[in-house]
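As structure tokens, the structure follows; a few thoughts come after it.
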Amino acid sequence: MADEQRRARYLEALGIEQWVRRATPVAELAMATAVASPTAAVDGLDWPALRACVSDCQRCGLHKTRTQTVFGVGDSAAHWMVVGEAPGADEDRQGEPFVGAAGQLLNAMLAAIDLPRESVFIANILKCRPPDNRDPKPEEVAECLPYLHRQVSLVRPRIILAFGRVAAQNLLGTDTPLGKLRGSVHRFGALNTPVIVTYHPAYLLRTPSEKRKAWEDLKFARRIYSELTVEA
Ligand code: SF4
């Protein structure tokens, strides 16, 4: 399929009609340390240790109701990182973030800015599903966020796309409404990684009229990434 045809198909999926153009001994030791002292120990974990630590995590009550943890997926050296809220029912079943209808739309959104899903790293604020898809509780976020910080430190993305209010507000540590967070470059974590905020695909499925705004956000993110790449 020609690039333009592919892009047209993704934009159609977005509802946009116009195109302006497991654990080693070291990991086991790290896990034991992490249980005793969460944040500091997580900071030093490598990928296998971090994955094992998340897989066995019981730091918050969500471990009681999960089918499995949802660690994250994608290129561990990606330039782009996608951060969402928490696993839903499909993700809890499959162990992968952003699957099902919202995942399909996410893939289309990424492809519209020339990002195949496998080229990015995708993770959530929470690694376990909140029952009935309720919003994460602050104490759950506080327990789980060190894992995301470590993932960002390991991936070292050039830019982070935060999808949805919960992801954006928890990443940025703010109560500012999503609408006011859009269109600006925010910063996250020890590496001061640029963050661009947009709507969650699940919200866009319920509110298709907002898809055009999401498209504006994606183009904005692309432009910021290009500028960062030129500067690098
Ligand atoms: S949500 Fe995070 S902190 Fe809570 S049990 Fe799952 S992995 Fe651990």
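To convert a position in the sequence shown, counted from 1, into my numbering, add 3.
For glycine and all other residues, C-beta sits at the position ideal for the given N, C-alpha and C.
What you are looking at is a predicted structure, and each value in this text was computed from that prediction instead of being measured.
Exercise for the section: Apply the 10 Å Cβ neighbour rule to residue 230 and answer buried if 16 or more other Cβ atoms are within range, or exposed otherwise. Expected result: exposed
Exercise for the section: Taking only heavy atoms of the ligand SF4 into account, decide whether any of them is closer than 6 Å to the Cβ of residue 152. Expected result: Taken from the Cβ of residue 152, every heavy atom of the ligand SF4 lies 6 Å or farther away.
Problem - CB of residue 227 within 7 Å of CB of residue 188, strictly - result: yes
Exercise for the section: Kindly indicate which residue of 126, 137, 166, 135 has the alpha-carbon position closest to the one of residue 148. Expected result: 126
Exercise for the section: Please say whether residue 141 and residue 89 have beta carbons closer to each other than 7 Å? Expected result: no
Handout entry: Nearest residue (CA-CA) to residue 62, options 112, 150, 86
Key = 150
Practice task
Please confirm whether residue 168 and residue 181 have their CB atoms less than 7 Å apart.
Solution key: yes
Problem - residue 206 versus 116, 159, 152, 106, residue with shortest Cα-Cα distance - result: 106
Exercise for the section: Report yes if the C-beta of residue 56 is less than 6 Å from at least one heavy atom of the ligand SF4; otherwise report no. Expected result: Every heavy atom of the ligand SF4 is 6 Å or more from the Cβ of residue 56, so no.
Exercise for the section: Note down the Cα distance separating residue 110 from residue 209, rounded to an integer number of angstroms. Expected result: Distance between the alpha carbons of residue 110 and residue 209 is about 17 Å.
Handout entry: Continuous beta strand (DSSP E) stretch holding residue 197: start and end
Key = 196–201
Handout entry: Residue range of the alpha helix (DSSP H) that includes residue 189
Key = Not the alpha helix (DSSP H): residue 189 falls in the beta strand (DSSP E), residues 189–191.
Problem - Counted within 10 angstroms of its Cβ, other Cβ atoms place residue 219 as buried (16 or more) or exposed - result: exposed
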